[in-house]
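Input: a single structure, listed below in structure tokens.
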Amino acid sequence: MFDDLDRTIVGALHLAPRATWDDLASALPVDASTLSRRYARLANENVLRIVGEIDWGLFSTTLPVHLRIETRDSTPLAVAQRLEGLPDVQHLGLTFGRFPLFATVHAASEAATLELLMEIYALPGVSAITTLPVLAYASKGSGWDPQVLSADETRRFAEIGRPPGAAPGSPQAPVSLEPLERKALQLLQQDARLPASSLGRTLGVATSTASRMVKKFIAEGWFRARVEIDGTYLGYALPFVLGVKTELNATGAVCQALARHPATRFVTQVAAEFDVLCTGLARDRSHLAQLVNDEFGAISGVRALDVAPMLLECKRFWMLRGENQRLGAFTPPSLGG
0 MFDDLDRTIV
10 GALHLAPRAT
20 WDDLASALPV
30 DASTLSRRYA
40 RLANENVLRI
50 VGEIDWGLFS
60 TTLPVHLRIE
70 TRDSTPLAVA
80 QRLEGLPDVQ
90 HLGLTFGRFP
100 LFATVHAASE
110 AATLELLMEI
120 YALPGVSAIT
130 TLPVLAYASK
140 GSGWDPQVLS
150 ADETRRFAEI
160 GRPPGAAPGS
170 PQAPVSLEPL
180 ERKALQLLQQ
190 DARLPASSLG
200 RTLGVATSTA
210 SRMVKKFIAE
220 GWFRARVEID
230 GTYLGYALPF
240 VLGVKTELNA
250 TGAVCQALAR
260 HPATRFVTQV
270 AAEFDVLCTG
280 LARDRSHLAQ
290 LVNDEFGAIS
300 GVRALDVAPM
310 LLECKRFWML
320 RGENQRLGAF
330 TPPSLGG
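Just so we're aligned, residue 0 is where the sequence shown starts under numbering that gives the first Met the number 0, counting upward by one.
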């Protein structure tokens, strides 16, 4: 069961994912213990998970690549099942249109990307791949707001959860982590709500030391808490992939306009057949038609759109999607060490 209070809690956590239950309760008509119990139930049922989004420069010297995959002599689902086990596959889904599969991969280097692409080309059932390498990004899924709260609630939770971290942009040069920092980030990858007291105990340091580390990670833009839940629970039953061709000199502005749109999650500038490629969530096909006709198509500088609704989302942010809108195993990229 997923009720209105659950929906409100999830909406609040999107805006303030590391806030204490007391802080969240201060803006809701329920007490902290009720919020804690509700969250534990949703997490135990694999409906909701809050994980750590780590800056790309901490695990890779390159950027992601989007793939549009054609299949032959095998069903798209069978090929997807072969793909989802590859550790560098971040996002994967079955889509409508000429390309039955969409994927985003992120390897540790350009050389590793080449190896990965050759491995995917060699998979049984893969007949052709269109590669769209990311050049820059304008937004990530960690910043998405499902807009299930009132305007006043949104303002209050945004104030509670506003981090001092860096604004979205291209990844910085790889950072050299101290062993203790690496271990802390690995723990926060798996549980982004881990309090400083628990983090300190696991690391064998004082709570104050752990707290300073977390604040540093957020301030440097190395770590951001990210809510993962199937969009169906929030009224968004249709994931989609949107390819955009822009007018000359308009690509950057179109990226920023799409990043501000509430329906988009991961907005990227790419090379190859499109100028911009993004993923997002719509309520249903009618809503997606409205987005394409009245909103995306109305953005200044947009020349052409290609939208591919997803039939099935198999994996997102390195997390498998199970049956009945449940979350599966989470295998984020290794930070080394």
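Glycine included, every Cβ here is placed at the ideal spot set by N, Cα and C.
Predicted, not measured: the structure shown is a model, and the values here were computed from it.
Is the Cβ-Cβ distance between residue i and residue j less than 8 angstroms?
{"i": "T206", "j": "A195", "result": "yes"}
{"i": "L319", "j": "E83", "result": "yes"}
{"i": "E152", "j": "A252", "result": "no"}
{"i": "L91", "j": "A102", "result": "yes"}
{"i": "V240", "j": "C254", "result": "no"}
{"i": "T112", "j": "V64", "result": "yes"}
{"i": "L12", "j": "V226", "result": "yes"}
{"i": "R48", "j": "I8", "result": "no"}
{"i": "K244", "j": "A303", "result": "yes"}
{"i": "L193", "j": "L202", "result": "no"}
{"i": "A79", "j": "L100", "result": "yes"}
{"i": "D229", "j": "Q89", "result": "no"}
{"i": "D283", "j": "L237", "result": "yes"}
{"i": "F156", "j": "I53", "result": "no"}
{"i": "F95", "j": "P308", "result": "yes"}
Under 8 angstroms by Cβ, that's how I've got residue i and residue j pegged, so tell me the actual separation to the nearest angstrom.
{"i": "L62", "j": "V133", "result": "4 angstroms"}
{"i": "G160", "j": "P16", "result": "7 angstroms"}
{"i": "L66", "j": "T130", "result": "6 angstroms"}
{"i": "V291", "j": "C277", "result": "No, V291 and C277 are not in contact; Cβ-Cβ is about 13 angstroms, not under 8 angstroms."}
{"i": "F1", "j": "Y232", "result": "5 angstroms"}
{"i": "S351", "j": "A218", "result": "Nothing can be reported for residue 351: it is not among the residues displayed for the chain, which extend from 0 to 336."}
Strictly by DSSP, which residues pair up with residue i?
{"i": "V133", "result": "V269"}
{"i": "L66", "result": "A102 and T130"}
{"i": "R360", "result": "In this structure the chain extends from 0 to 336, so residue 360 is not present and cannot be described."}
{"i": "C277", "result": "L241 and V266"}
{"i": "V204", "result": "Paired residues: none, contrary to the question."}
{"i": "D305", "result": "G242"}
{"i": "L47", "result": "I228"}
So which of the options has the shortest CA-CA distance to residue i?
{"i": "L4", "options": "T278, L23 and S59", "result": "L23"}
{"i": "A104", "options": "W55, T250 and A39", "result": "It is Val, not Ala, that sits at residue 104 in the sequence shown. Here the closest residue by C-alpha is W55."}
{"i": "S210", "options": "A183, Q80 and Y232", "result": "A183"}
{"i": "S32", "options": "W20, N43 and S59", "result": "W20"}
{"i": "T74", "options": "D87, F98 and M117", "result": "F98"}
{"i": "S329", "options": "G335, K314 and T263", "result": "A small correction: the amino acid at residue 329 is Phe; Ser does not occupy that position in the sequence shown. The shortest C-alpha separation from F329 is found at K314."}
{"i": "A262", "options": "A150, Y136, L280 and A224", "result": "L280"}
Any heavy atom of the ligand SAM closer than 7 angstroms to the Cβ of residue i?
{"i": "L276", "result": "Looking for the ligand SAM in the displayed structure turns up nothing, as the structure carries no ligands at all."}
In the structure shown, what three-state DSSP assignment does residue i receive?
{"i": "G234", "result": "coil"}
{"i": "L58", "result": "Reading off the sequence shown, one finds Phe at residue 58, where the question assumed Leu. Correct three-state label for F58: coil."}
{"i": "L23", "result": "helix"}
{"i": "L241", "result": "strand"}
{"i": "T7", "result": "helix"}
{"i": "R71", "result": "coil"}
{"i": "R259", "result": "helix"}
{"i": "A166", "result": "In this prediction, A166 scores a pLDDT of 46, lower than 50, which makes its location untrustworthy; the coordinate-derived value is nonetheless stated afterwards. Note: A166 maps to coil in three-state DSSP."}
{"i": "F156", "result": "helix"}
{"i": "A224", "result": "strand"}
{"i": "Q89", "result": "strand"}
{"i": "D151", "result": "helix"}
{"i": "F295", "result": "helix"}
{"i": "G300", "result": "coil"}
{"i": "E52", "result": "strand"}
{"i": "A249", "result": "coil"}
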